[in-house]
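Notes to accompany the following structure.
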Amino acid sequence: MTAMDFRNLLLLRLEIEALNSEFAYLIDHDQSERVADLFTVDGVYGRSTGGRSVGREAIRNSYSLRKDNGPRTARHIFSNLRLTPLDDGRVGGSCVLTLFAKDGLPPHPADPMVVADYDDIYECGDDGRWRFKERIITWIFVREGASSPLALGAGQEKR
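Numbering (the working numbering), first residue to last: 300 to 458.
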């Protein structure tokens with residue numbers, strides 16, 4: 300690997316980390332209506348168990364329904380980002396989500412709701428911005444009684 304290749308990979312990593320950070324920030328700071336803009340126009344946000352929202356409008360609708368349930372406090376903490384360049388110019392990635400979330404206003408007990416894996420495909424747009432082409436979540440550890448308030452896909456179960 301040349302020094303330039305290494306620098307390009309570092310820059311790519313920073314851009315993808317910024318995308319994941321923006322995803323978390325928007326949800327955690329009551330701006331979830333903007334999350335859909337982090338996906339490609341035909342992007343997919345889904346669960347390994349089957350619920351999927353396809354396209355920005357469907358993703359935006361999922362977050363709108365979530366917001367209709369009233370105040371929710373959340374902190375999405377992403378770690379262990381791993382990236383793999385794909386042959387078609389896209390990038391595959393995985394990271395771990397530790398989610399603290401509870402309905403209502405803070406403060407709440409520091410009890411994680413879920414530890415999950417995200418498997419992503421990132422695509423760079425004509426504007427030079429990386430977006431989620433596909434984002435699939437798999438819950439690994441789940442607090443007893445926890446369920447997702449996010450309804451992905453029409454008529455799908457929330458979890």
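For each residue, glycine too, the CB sits at the ideal point set by N, CA and C. Remember, predicted model here, so these are calculated numbers, not experimental data.
Between the CA atoms of residue j and residue i - distance to the nearest angstrom
i, j, result
"R374", "F399", "5 Å"
"R430", "L451", "19 Å"
"S447", "L309", "33 Å"
"A357", "D386", "28 Å"
"T372", "G349", "26 Å"
"S320", "I376", "9 Å"
Same chain, Cβ closer than 6 Å to residue i, five either side skipped, listed in chain order
i, result
"E433", "V343 and I420"
Exposure of residue i, with buried meaning 16 or more beta-carbon neighbours within 10 Å
i, result
"N307", "exposed"
"S331", "buried"
"F338", "buried"
"A317", "exposed"
"L449", "buried"
Best match in the options for proximity to residue i [C-alpha to C-alpha]
i, options, result
"L396", "Y417, L382, D426 and P408", "Y417"
"L382", "F305, T301, A302 and I315", "I315"
"R312", "D329, W438 and R428", "R428"
"I436", "G392, P408, G388 and D327", "G392"
"D327", "R365, C423 and L380", "R365"
Per DSSP, the bridge partner or partners of residue i
i, result
"P384", "V390"
"T397", "I376 and V414"
"F338", "F431"
"D402", "R371"
Neighbourhood of residue i by C-beta distance below 8 Å, restricted to the same chain and skipping five residues each side
i, result
"R333", "L325"
"V340", "G354 and R355"
Own chain residues within Cβ distance below 7 Å of residue i, not counting five before or after
i, result
"A323", "H375 and F377"
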